[in-house]
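Residue numbers (my numbering): 7 to 101.
Following: one structure in structure tokens, then a few remarks.
Structure (structure tokens):
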């Protein structure tokens with residue numbers, strides 16, 4: 007099955023974020039760390055895996071699991087910021 011145009015765009019954006027060491031994320035986290043002592047990461051599950059649904063689908067039944075940035079992302083964050091002031095959204099055993 008060929009990826010849709012939307013899926014191709016997501017893949018390109020993800021590759022670009024990774025190529026630039028997640029600079030988009032770094033800027034936002036840096037700014038938030040100036041404003042707050044603790045940062046909550048909602049939808050934490052998506053940093054591990056996320057459910058991708060083609061844009062044309064009427065329901066999510068034809069989606070599939072895709073790998074998120076995983077530990078690599080957090081290792082880069084830790085290298086940049088040191089101890090990370092994060093609280094992850096807790097969805098129970100799935101994360």
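Every residue, glycine too, gets a C-beta built ideally from N, C-alpha and C.
Query, Result
"Beta-bridge partners of residue 73, as assigned by DSSP", "55"
"Contact belief for residue 51 with residue 23 at Cβ below 8 angstroms, rounded distance in angstroms", "Contact doesn't hold; Cβ gap of about 18 angstroms is too wide."
"Among 26, 54, 11, 83, nearest to residue 99 - alpha-carbon criterion", "54"
"Unbroken beta strand (DSSP E) run spanning residue 97, endpoints", "No beta strand (DSSP E) contains residue 97, which DSSP labels as neither H nor E."
"Candidates 60, 83, 32, 30: closest to residue 72 by CA position", "60"
"Cβ neighbour criterion (16 or more within 10 Å) applied to residue 19", "exposed"
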